[in-house]
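Asker: These protein sequence lines map, in sequence, to chains Y and R. Here the first sequence is numbered in my numbering, starting from 26 and rising by one per residue. Here the second sequence is numbered in my numbering, starting from 26 and rising by one per residue. C-beta atoms are modelled at their ideal positions from N, C-alpha and C, and glycine is treated no differently.
Protein chains: 2
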Amino acid sequence: MDRVYNYSAGPSCLPIEVLEEVQRELLNYKGKGFSILEMNHRTDDYYEINDDAMSMLKKLLNVKDDYEVIFMQGGGYSQFSTFPMNLATKNDLTLYTLTGNFSEKAYIEGKRLTNAKVITSSKETNFNFIPKITKNMVDQSAKYLHITVNNTAFGTCYNELPETGVVPLVGDMSSIILAKNYDINKFGLIYGGVQKNLGAAGVTFVVIKKNLINDKITDLIPSMNNYSVQLSKNSIFNTPPVFAVYIVDLMLHWVERQGGVAELSKIAIEKSNLLYDLIDNSKFYKGTAVREDRSPMNITFTTGSEDIDLKFVKEARENGMINLKGHKAAGGLRASLYNAMPMDGAKKLVEFMKKFEKDNEV
Amino acid sequence: MDRVYNYSAGPSCLPIEVLEEVQRELLNYKGKGFSILEMNHRTDDYYEINDDAMSMLKKLLNVKDDYEVIFMQGGGYSQFSTFPMNLATKNDLTLYTLTGNFSEKAYIEGKRLTNAKVITSSKETNFNFIPKITKNMVDQSAKYLHITVNNTAFGTCYNELPETGVVPLVGDMSSIILAKNYDINKFGLIYGGVQKNLGAAGVTFVVIKKNLINDKITDLIPSMNNYSVQLSKNSIFNTPPVFAVYIVDLMLHWVERQGGVAELSKIAIEKSNLLYDLIDNSKFYKGTAVREDRSPMNITFTTGSEDIDLKFVKEARENGMINLKGHKAAGGLRASLYNAMPMDGAKKLVEFMKKFEKDNEV
Numbered sequence: 026m027d028r029v030y031n032y033s034a035g036p037s038c039l040p041i042e043v044l045e046e047v048q049r050e051l052l053n054y055k056g057k058g059f060s061i062l063e064m065n066h067r068t069d070d071y072y073e074i075n076d077d078a079m080s081m082l083k084k085l086l087n088v089k090d091d092y093e094v095i096f097m098q099g100g101g102y103s104q105f106s107t108f109p110m111n112l113a114t115k116n117d118l119t120l121y122t123l124t125g126n127f128s129e130k131a132y133i134e135g136k137r138l139t140n141a142k143v144i145t146s147s148k149e150t151n152f153n154f155i156p157k158i159t160k161n162m163v164d165q166s167a168k169y170l171h172i173t174v175n176n177t178a179f180g181t182c183y184n185e186l187p188e189t190g191v192v193p194l195v196g197d198m199s200s201i202i203l204a205k206n207y208d209i210n211k212f213g214l215i216y217g218g219v220q221k222n223l224g225a226a227g228v229t230f231v232v233i234k235k236n237l238i239n240d241k242i243t244d245l246i247p248s249m250n251n252y253s254v255q256l257s258k259n260s261i262f263n264t265p266p267v268f269a270v271y272i273v274d275l276m277l278h279w280v281e282r283q284g285g286v287a288e289l290s291k292i293a294i295e296k297s298n299l300l301y302d303l304i305d306n307s308k309f310y311k312g313t314a315v316r317e318d319r320s321p322m323n324i325t326f327t328t329g330s331e332d333i334d335l336k337f338v339k340e341a342r343e344n345g346m347i348n349l350k351g352h353k354a355a356g357g358l359r360a361s362l363y364n365a366m367p368m369d370g371a372k373k374l375v376e377f378m379k380k381f382e383k384d385n386e387v
Numbered sequence: 026m027d028r029v030y031n032y033s034a035g036p037s038c039l040p041i042e043v044l045e046e047v048q049r050e051l052l053n054y055k056g057k058g059f060s061i062l063e064m065n066h067r068t069d070d071y072y073e074i075n076d077d078a079m080s081m082l083k084k085l086l087n088v089k090d091d092y093e094v095i096f097m098q099g100g101g102y103s104q105f106s107t108f109p110m111n112l113a114t115k116n117d118l119t120l121y122t123l124t125g126n127f128s129e130k131a132y133i134e135g136k137r138l139t140n141a142k143v144i145t146s147s148k149e150t151n152f153n154f155i156p157k158i159t160k161n162m163v164d165q166s167a168k169y170l171h172i173t174v175n176n177t178a179f180g181t182c183y184n185e186l187p188e189t190g191v192v193p194l195v196g197d198m199s200s201i202i203l204a205k206n207y208d209i210n211k212f213g214l215i216y217g218g219v220q221k222n223l224g225a226a227g228v229t230f231v232v233i234k235k236n237l238i239n240d241k242i243t244d245l246i247p248s249m250n251n252y253s254v255q256l257s258k259n260s261i262f263n264t265p266p267v268f269a270v271y272i273v274d275l276m277l278h279w280v281e282r283q284g285g286v287a288e289l290s291k292i293a294i295e296k297s298n299l300l301y302d303l304i305d306n307s308k309f310y311k312g313t314a315v316r317e318d319r320s321p322m323n324i325t326f327t328t329g330s331e332d333i334d335l336k337f338v339k340e341a342r343e344n345g346m347i348n349l350k351g352h353k354a355a356g357g358l359r360a361s362l363y364n365a366m367p368m369d370g371a372k373k374l375v376e377f378m379k380k381f382e383k384d385n386e387v
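#1: Among the candidates F230(R), K157(R) and M79(R), whose CA atom is the shortest distance from the CA of Y121(R)?
#2: Is it buried or exposed for R319(R), if we count other Cβ within 10 angstroms and need 16 for buried?
#3: Nearest by alpha-carbon distance to F377(Y): which of K353(Y), G357(Y), Y363(Y) and E343(Y) is it?
#4: Which of the three DSSP states is assigned to V94(R) in this structure?
#5: Where M366(R) and K89(R) are concerned, what is the direct C-alpha to C-alpha distance, given to the nearest angstrom?
#6: Go ahead and pull the three-state DSSP assignment for I209(R).
#7: When you compare only the Cα positions, how much space is there between S146(Y) and G125(Y)?
#8: Nearer than 7 angstroms: is that true of the beta carbon of V47(Y) relative to any heavy atom of the ligand FAD?
#9: Are there three or more Cβ pairs, one per stretch, closer than 8 angstroms when the region 92 to 102 of chain Y is compared with the region 288 to 305 of chain Y?
#10: Leaving out the 5 sequence neighbours to the left and right, which residues in its chain are closer than 8 angstroms to F59(Y) when beta-carbon positions are compared?
#11: Can you pull out the residues from the region 29 to 49 of chain R whose beta carbon lies closer than 8 angstroms to at least one beta carbon of chain Y?
#12: Determine the contact status of T325(R) and D334(R), defining contact as a CB-CB distance below 8 angstroms.
#13: Which bits of chain R does Q255(Y) rub up against, with CB to CB less than 7 angstroms?
#14: Let's test the definition: count the other Cβ atoms within 10 Å of the Cβ of N306(R) and tell me whether it reaches 16, buried, or not, exposed.
#15: For a contact meaning CB atoms closer than 8 angstroms, what does Y216(Y) contact in chain R?
#16: Residues bridged to G218(R) by DSSP?
#17: Compute the Euclidean distance between the alpha carbons of F108(R) and D332(Y), then round it to the nearest angstrom.
#18: One question on the structure: do L277(Y) and M81(Y) come within less than 8 angstroms of each other, judged by their Cβ atoms?
#19: Roughly how many angstroms lie between the CA atoms of P193(R) and E288(R), to the nearest whole one?
#20: In chain order, what residues of the same chain have a beta carbon less than 7 angstroms from the beta carbon of E93(Y), not counting five sequence neighbours either side?
#21: For T173(R), return the contacting residues in chain Y, with the cut-off set at a CB-CB distance below 8 angstroms.
#22: If you reduce the DSSP assignment to three classes, tell me which class T145(R) lands in.
#23: DSSP on R49(Y), reduced to helix/strand/coil?
#24: Which residues in chain Y sit within 8 angstroms of H66(R), going by Cβ to Cβ distance?
#25: So for H278(R), helix, strand or coil by DSSP?
#26: DSSP three-state call for F108(R): helix, strand or coil?
#27: For the region 255 to 275 of chain Y, which residues have a CB atom closer than 9 angstroms to at least one CB atom of chain R, in sequence order?
#28: Please return the same chain residues whose Cβ sits closer than 8 angstroms to the Cβ of T264(Y), not counting the five positions on each side in sequence.
#29: Figure out for me which residue from L186(R), F127(R) and E63(R) has the closest Cα to the Cα of K353(R).
#30: Could you tell me if G357(R) is buried or exposed, where buried requires 16 or more neighbouring beta carbons within 10 angstroms of its beta carbon?
#31: Assign I172(R) to one of three DSSP states: helix, strand, or coil.
#32: Along chain Y, in chain order, which residues have C-beta atoms closer than 7 angstroms to that of P367(R)?
#33: Alpha carbons only, please: which of T114(R), D77(R) and K55(R) is nearest the one belonging to D240(R)?
#34: Would you check if there are 3 or more beta carbon pairs closer than 8 angstroms linking the region 26 to 35 of chain R to the region 368 to 375 of chain R?
#35: Going by the beta-carbon positions, is the gap between T173(Y) and D208(Y) smaller than 8 angstroms?
#36: Thinking N259(Y) and N75(Y) are a contact (beta carbons under 8 angstroms), I'd like their distance in whole angstroms, please.
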């Protein structure tokens with residue numbers, strides 16, 4: 026089979042030119058006589074990749090000098106316990122908003138480690154919108170306010186970042202990193218798995234404002250989870266996931282060649298609007314998120330019938346378009362259009378959706 | 026440059042046939058139209074890889090049915106805090122032996138989380154031997170006894186596993202997994218990074234006797250570190266490092282094709298003896314580990330002069346043999362001969378060592 030269009034929520038598609046570069050040099054990295062998969066991490070070759078990926082990420086995110094990048098392992102989920110360990114102790118107040126299944130998971134892990142409180146939630150309407158946060162909702166004694174910036178399963182995202190006063194804003198950006206033009210300098214910390222917009226599963230990014238690190242707290246936690254330790258070792262405290270960081274570095278250069286976040290944000294809106302326009306003008310398809318909070322990354326919709334949704338997934342697959350089933354927490358259908366999804370992938374899906382509507386409307 | 030011989034302590038060399046298979050199907054995994062780097066983890070394609078890798082590892086290790094495999098992230102170092110969290114609470118007695126830098130690190134992390142005691146150490150002689158453990162040294166109320174089965178930096182390994190009575194034996198097997206014929210059923214738990222004998226950096230294996238899992242303890246710890254949670258989700262609790270597990274699976278099949286652990290153990294002894302015989306019969310080179318505890322994986326030696334050691338590393342590199350510098354904690358020289366190092370790699374190094382001796386002896 027030729028290459029399919031992969032609308033997976035993650036891991037998801039990568040640019041073909043990145044895959045081709047990986048393939049080309051897989052047996053012999055830059056002519057050095059060994060594979061990237063065999064590269065010792067305490068070598069100039071790896072330091073170069075690691076340093077370049079860190080500085081490229083800072084540059085593309087346009088963060089100020091007081092931010093640092095850490096590469097860790099375990100995915101976004103591992104950060105659900107790691108950032109609380111680093112930023113707060115057992116009795117410290119920490120704040121959460123519930124806007125989807127992952128923000129709930131973050132809250133549950135945070136509650137194990139801190140005095141975590143939910144300040145707002147859209148759970149009652151199955152997370153179909155982003156509740157507004159006003160500054161008076163943010164207790165100024167809290168150690169942080171956590172938000173899930175893009176809700177992969179429910180197809181919503183923050184279009185405006187909340188004002189939190191002195192309370193650091195912590196954001197899970199797994200599914201929207203480098204794809205929407207947020208001012209990252211408004212965050213104290215962002216984190217995420219790379220397997221959506223930034224690489225292949227296996228490495229986790231953390232971007233942190235340095236002054237948030239408190240050694241009195243971090244001295245008590247396992248070294249592997251300790252941001253201070255990781256920073257002091259430039260993310261090479263122990264053996265890092267060399268290959269995964271290498272892919273991130275290739276992806277960051279690809280992002281730069283596309284024109285950076287500003288350009289990719291525009292393209293993401295254009296791609297997602299192809300689908301949203303069709304959905305908004307259709308009586309057959311129904312979007313599941315409220316319009317003003319819709320994500321440019323994950324387009325969630327349904328035909329209203331579970332059987333027809335399944336038929337949609339099956340026929341799309343037969344037409345070379347895979348992974349369109351919705352997340353089990355949300356049901357229905359979902360098309361994820363991350364940065365690496367070409368415009369043609371969105372167009373082909375729209376054509377398929379039109380034909381499917383014609384064939385299946387009553 | 027052609028392919029070099031890579032004597033790195035890890036990440037290290039992989040079999041060329043494994044690398045070629047990865048390269049061949051990198052753009053199109055088994056003709057399915059997407060790359061392994063783009064594979065969603067909640068698909069039959071990934072379940073197949075994951076299940077196969079787990080059952081192959083159990084089979085090759087020859088463990089009984091009451092053992093389970095868990096794939097996690099973070100490397101062996103992450104387990105230094107993870108196994109204590111799962112097996113003990115703050116006041117529980119836990120036992121450690123100090124046989125190298127990594128066993129010391131394991132102890133430091135364990136002490137943060139449990140009442141950890143050192144029962145024996147070879148630190149006074151810079152870890153050049155494995156102290157004997159007799160059963161009366163093992164307090165039978167301890168939650169576990171931890172050993173580093175192979176000491177990568179110092180070139181020593183256990184040739185006999187200690188008798189621990191009812192106390193579970195926990196072993197770091199990062200640098201000797203599938204390379205020496207241990208009876209794994211004598212352990213309660215083994216763990217390690219895969220980047221030495223089992224794959225590319227990015228995934229960590231844990232093999233655990235199921236009855237060691239105590240939900241009363243694990244309920245209190247972060248889900249990501251919780252063996253019980255990971256087991257209940259078959260190591261797909263959150264997004265796993267798909268590519269790294271895929272490489273492990275390919276490596277396990279390669280190991281099987283070589284004749285399994287029994288055969289690879291023999292080959293490892295043969296390969297390492299080529300070097301040890303030369304060292305033992307030389308007045309120029311000096312082995313740094315005592316004979317009866319020498320590792321078949323990491324051969325540590327020195328010319329006795331720091332300058333000549335550095336010259337050795339440099340000239341070897343010029344001859345296509347890389348990463349021969351000793352670990353900074355041990356100094357001198359080190360050749361790591363993991364399973365993927367071909368016999369010719371050991372022979373070529375021996376030839377080089379002979380020539381270097383001739384050229385440099387006084």
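Answerer: Working from what's here:
#1: K157(R)
#2: buried
#3: E343(Y)
#4: strand
#5: 29 angstroms
#6: helix
#7: 9 angstroms
#8: Among the components of this structure there are no ligands whatsoever, and the ligand FAD is therefore not found.
#9: no
#10: N53
#11: V29, N31, S33, A34, G35, P36, S37, C38, L39, I41, L44, E45, V47 and Q48
#12: no
#13: Under the 7 angstroms cutoff, chain R gives no residues; its nearest Cβ is about 11 angstroms from Q255(Y).
#14: exposed
#15: Neighbours of Y216(Y) on chain R: none; closest Cβ ~13 angstroms, over 8 angstroms.
#16: T229(R)
#17: 45 angstroms
#18: yes
#19: 28 angstroms
#20: I233, K235 and L256
#21: Within chain Y, no residue comes near T173(R); the closest Cβ sits about 14 angstroms away, beyond 8 angstroms.
#22: strand
#23: helix
#24: P36 and A226
#25: helix
#26: helix
#27: F262, N263, T264, P265, P266, V267, F268, A269 and I272
#28: H66
#29: F127(R)
#30: buried
#31: strand
#32: Per Cβ cutoff of 7 angstroms: no residues; P367(R) is ~13 angstroms from chain Y at best.
#33: T114(R)
#34: yes
#35: no
#36: 7 angstroms
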